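Protein chains in written order, with our numbering: chain V, 1 to 297; chain W, 1 to 301. Cβ atoms here follow ideal geometry from the backbone N, Cα and C, with glycine treated the same way. Since this is a predicted model, take the numbers as computed values, not measurements. Reading through the structure tokens given below for one structure.
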Amino acid sequence: MSSDLLDRVGTKDIARNKQSLNGAEQFWLVFKYVGLCFLTLVAIAPIYIMVANSFKGVTGVSQSAAWAFPIHPNFAAWGPVWDNLKGSIFRTLFFVVQSSIISAIIGSINGFVFAKWRFRGSNFVFTTFLFGMFIPYQAIMIPLTEFNHWAHLTGSIYVLVFAHVIYGIPICTLIFRNYYAAIPNEIIEAGRVDGAGMVRIFRTIILPLSVPCFVVVLIWQFTSAWNDFLFAIFLTGGSPKLSVATTALNFITGSGNQVYYGNNMTASLIVSIPTLIVYVFLGRYFLRGLLSGSLKG
Amino acid sequence: MAVRAKKHVQSPWGGFFFVLPSILAMAVFVYGMIGWTVKESLGKRTNSYTTAKGLVGLKNYRDLFSDPEFVHAFQNLLKFTVVFMVGTLLAGLIMALLLEKGIKGEGFFRSIYLYPMAISFIAMGTSWRWLMDSSRDGKATGLNKIFFDVHLGFLQSNWYSSEKGAMYAMALPAIWQMSGYVMALFLAGFRGIPDDLREAARVDGATETKIYRHILFPQLKPTFLTVLIILGHISMKVFDLIYGIASKSYVTKVLAIYMWQVIFDFQNYAKGASIAMIILVLIAVAVIPYLIYVVKTEEQK
Chain V
1 MSSDLLDRVG TKDIARNKQS LNGAEQFWLV FKYVGLCFLT LVAIAPIYIM
51 VANSFKGVTG VSQSAAWAFP IHPNFAAWGP VWDNLKGSIF RTLFFVVQSS
101 IISAIIGSIN GFVFAKWRFR GSNFVFTTFL FGMFIPYQAI MIPLTEFNHW
151 AHLTGSIYVL VFAHVIYGIP ICTLIFRNYY AAIPNEIIEA GRVDGAGMVR
201 IFRTIILPLS VPCFVVVLIW QFTSAWNDFL FAIFLTGGSP KLSVATTALN
251 FITGSGNQVY YGNNMTASLI VSIPTLIVYV FLGRYFLRGL LSGSLKG
Chain W
1 MAVRAKKHVQ SPWGGFFFVL PSILAMAVFV YGMIGWTVKE SLGKRTNSYT
51 TAKGLVGLKN YRDLFSDPEF VHAFQNLLKF TVVFMVGTLL AGLIMALLLE
101 KGIKGEGFFR SIYLYPMAIS FIAMGTSWRW LMDSSRDGKA TGLNKIFFDV
151 HLGFLQSNWY SSEKGAMYAM ALPAIWQMSG YVMALFLAGF RGIPDDLREA
201 ARVDGATETK IYRHILFPQL KPTFLTVLII LGHISMKVFD LIYGIASKSY
251 VTKVLAIYMW QVIFDFQNYA KGASIAMIIL VLIAVAVIPY LIYVVKTEEQ
301 K
């Protein structure tokens with residue numbers, strides 16, 4: 001699956017100089033918009049609830065009024081929730097940035113080899129990598145916790161950097177490989193004619209072309225590590241010292257505290273804001289990551 | 001698909017040394033650790049203080065199938081999987097069909113349908129827990145309130161806390177979260193089909209329905225396969241989505257949640273490992289043939 005996929009998804013040109021629509025076509029067009037708007041309402045309902053109720057105070061939300069728009073916004077929930085969450089948010093930011101950068105570097109090296117500098121058996125090796133993308137992490141979790149003990153990683157946030165880097169290798173390799181596969185071989189041939197070796201070709205020809213793909217992979221790894229709950233809860237053992245965005249949020253909104261609607265919705269929103277910002281500003285790259293991270297025959 | 005690389009270039013082993021660190025990492029942390037889990041699942045470590053060594057063969061697996069809670073979690077997972085896969089496939093396909101021919105505002109609708117993919121299940125769980133609140137009629141809050149207010153009160157439900165339908169309700173947030181992804185895959189598929197094909201069929205007098213059935217859908221077979229594999233493996237692993245809404249509630253227990261409980265609440269490593277291996281096998285039987293097929297097809301191109 002090559003990088004032209006995004007261009008394929010890209011908005012289709014609507015035939016501009018088409019003659020006016022006939023009755024049936026007009027009906028279908030109206031029908032389509034009604035369908036699209038209905039789906040839009042369904043899609044935004046949960047986030048609307050979250051945003052609306054984060055401006056209604058901590059507990060003051062009468063549950064049956066939760067659909068109502070906050071005409072008189074009340075910011076009371078934001079301060080305490082932020083104080084409660086900020087440690088975890090900064091900790092998450094700290095490890096996610098590191099794990100994303102390391103993952104992207106490894107992915108770009110591997111992707112280059114699997115696309116442009118293959119060795120005997122590289123397809124087989126690549127396939128074995130890809131399987132790592134699909135495994136349920138439960139199947140490695142018990143040994144991984146024991147390895148972390150042995151390596152003295154337990155109790156440090158680097159336990160999560162390590163996990164996300166290792167288990168991010170398959171997807172990062174795949175995205176970079178698909179990106180590099182679309183680069184014409186002639187460019188590399190030309191470099192070889194000039195006497196450049198593998199490392200130099202990678203550094204001087206491939207890397208400068210890789211910026212968009214780095215953005216894609218960084219966003220992908222950032223979003224998935226930020227939203228990850230499974231590794232966080234297994235590998236930190238619920239230790240408050242190592243709480244990250246999702247585990248801290250789960251602690252706040254957990255079963256005992258469900259009466260504090262405003263509080264819980266605000267906390268959920270705060271935890272979602274970083275990935276939403278990335279999505280709003282770099283949505284193109286997010287979509288590209290989704291598409292090139294999925295294989296197709 | 002990808003442009004294939006030329007035959008081996010000079011010093012082909014240079015590439016091998018470049019990826020060697022990753023090969024070792026995959027060998028140890030994916031395959032080695034799966035092997036370790038297999039061994040654990042055949043062993044005697046059924047609590048945290050035991051020092052018992054040695055293997056008990058398949059006993060732990062046999063015990064699972066006579067454990068009512070495991071069977072319950074397994075049935076739950078199957079119910080969830082069917083509704084989630086069919087629902088997400090249909091929702092994503094409908095979104096793609098509405099957008100596929102090009103319509104004003106496509107970019108806007110596309111972004112709206114896809115944003116749930118950017119948010120964590122744990123965060124969205126807060127909203128969904130409220131939307132699927134089981135209070136009714138005058139006390140109704142979330143979806144039930146909407147049904148009540150528009151005089152469709154009979155549609156009110158206990159949602160994820162109902163005894164029989166909990167897993168079907170739990171599929172709703174999952175469909176909501178994933179259908180934009182499926183839409184994107186189908187859009188890419190539709191737009192990969194040359195317009196000439198449609199035009200030719202139209203000239204021959206085919207109706208729109210026929211064009212979709214006999215021309216476009218057959219071309220999308222690889223996309224359908226991809227979507228099924230992606231949704232299927234996500235479903236088998238489902239954990240945060242359910243945990244974020246219902247925590248460890250019995251009615252919505254699936255394999256991944258039961259495994260977590262067995263490990264953390266009961267320190268029964270042998271049993272937890274066995275559950276993990278069953279999830280792995282359920283995924284592997286579909287994914288391994290698929291991966292081989294994908295890499296082979298690509299090679300032939």
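Residues that residue i bridges to, as DSSP identifies them
i: N74/V; result: K56/V
i: L55/W; result: G43/W
Proximity of residue i and residue j at Cβ, strictly below 7 angstroms
i: F80/W; j: G244/W; result: no
i: M50/V; j: S179/W; result: no
i: G205/W; j: A286/W; result: no
i: V159/V; j: L235/V; result: yes
i: V150/W; j: L185/W; result: no
i: I201/V; j: I188/V; result: yes
i: L220/W; j: A73/W; result: no
i: S142/W; j: L131/W; result: One point to set straight first is that residue 142/W is Gly, not Ser, in the sequence displayed. Cβ atoms of G142/W and L131/W: closer than 7 angstroms.
i: A171/W; j: F84/W; result: yes
i: I219/V; j: Y285/V; result: yes
i: S41/W; j: M277/W; result: yes
i: I34/W; j: A139/V; result: yes
Partner residues on chain V for residue i, Cβ-Cβ distance less than 7 angstroms
i: L216/W; result: Within chain V, no residue comes near L216/W; the closest Cβ sits about 14 angstroms away, beyond 7 angstroms.
i: A184/W; result: V9, L287, L290, L291
i: A123/W; result: L249, S268, V271, S272
Burial state of residue i, where buried means 16 or more other Cβ atoms lie within 10 Å
i: S292/V; result: buried
i: D195/W; result: exposed
i: Q300/W; result: exposed
i: R16/V; result: Per-residue confidence for R16/V stands at a pLDDT of 46, beneath the threshold of 50, marking its modelled position as unreliable; the derived number appears in the next sentence. Per the 10 Å Cβ criterion, exposed.
i: I109/V; result: buried
i: G121/V; result: exposed
i: N227/V; result: buried
i: V211/V; result: exposed
i: P21/W; result: exposed
i: C37/V; result: exposed
i: W28/V; result: exposed
i: W36/W; result: buried
i: L72/V; result: For clarity, residue 72/V is His in the given sequence; the question names Leu instead. Answer is exposed; the Cβ neighbour count stays below 16.
i: E106/W; result: buried
i: H152/V; result: exposed
i: K7/W; result: Residue confidence for K7/W is low, a pLDDT of 44 falling below 50, so the modelled location carries little weight; the figure read from the coordinates is stated next. Exposed, since its Cβ has fewer than 16 Cβ neighbours within 10 Å.
i: Y261/V; result: buried
i: N351/V; result: No answer is possible for residue 351/V: the residues shown for chain V start at 1 and end at 297.
i: P218/W; result: exposed
Where residue i meets chain W, residues with beta-carbon distance less than 9 angstroms
i: Y158/V; result: What Y158/V touches in chain W: nothing, since even the nearest Cβ is about 15 angstroms away.
i: Y261/V; result: T126, W130
i: N227/V; result: A118, I119, S120, F121, I122, A123, D240
Residue nearest to residue i in terms of C-alpha spacing, selected from the options
i: Y160/W; options: A246/W, Q177/W, L291/W; result: A246/W
i: K271/W; options: T246/V, I142/V, F176/V, I219/V; result: I142/V
i: R213/W; options: A171/W, V28/W, L97/W, S157/W; result: L97/W
i: I257/W; options: F281/V, A196/V, P212/V, P136/V; result: P136/V
i: H298/V; options: F55/V, F75/V, G262/V, G237/V; result: Since the first residue shown for chain V is 1 and the last is 297, residue 298/V is missing from the structure and cannot be characterised.
i: F239/W; options: F65/W, N268/W, N76/W; result: N76/W
i: K44/W; options: G105/W, V294/W, M33/W, K59/W; result: K59/W
i: V182/W; options: K164/W, S157/W, P222/W, A166/W; result: P222/W
i: L99/W; options: V34/V, A77/V, N84/V; result: V34/V
i: T173/V; options: F251/V, G107/V, V215/V; result: G107/V
i: L114/W; options: E146/V, N250/V, T40/V; result: T40/V
i: P170/V; options: G132/V, V271/V, W78/V, Q98/V; result: G132/V
i: V9/V; options: I288/W, R129/W, R110/W, L197/W; result: R110/W
Closer than 8 angstroms at the beta carbon, the chain V residues around residue i
i: T252/W; result: The contacting residues do not exist; T252/W stays about 13 angstroms from chain V at best.
i: L152/W; result: By Cβ distance, chain V contributes nothing, its closest Cβ being about 15 angstroms from L152/W, past 8 angstroms.
i: I283/W; result: F134, I135, P136
i: I230/W; result: S294
Proximal chain V residues relative to residue i, where beta-carbon distance stays under 9 angstroms
i: P116/W; result: A43, P46, I47
i: E40/W; result: I142, P143
Per-residue contacts from residue i into chain W (C-beta, under 8 angstroms)
i: N110/V; result: F18, V19, S22
i: A139/V; result: M33, I34, T37, A276, M277, I279, L280
i: T127/V; result: L291, I292, V295
Closer than 7 angstroms at the beta carbon, the chain W residues around residue i
i: R91/V; result: Here the premise fails: no neighbours, minimum Cβ distance about 16 angstroms.
i: K32/V; result: L98, I103
i: G283/V; result: S111
i: V113/V; result: G15, F18, V19
i: T246/V; result: S120, I122
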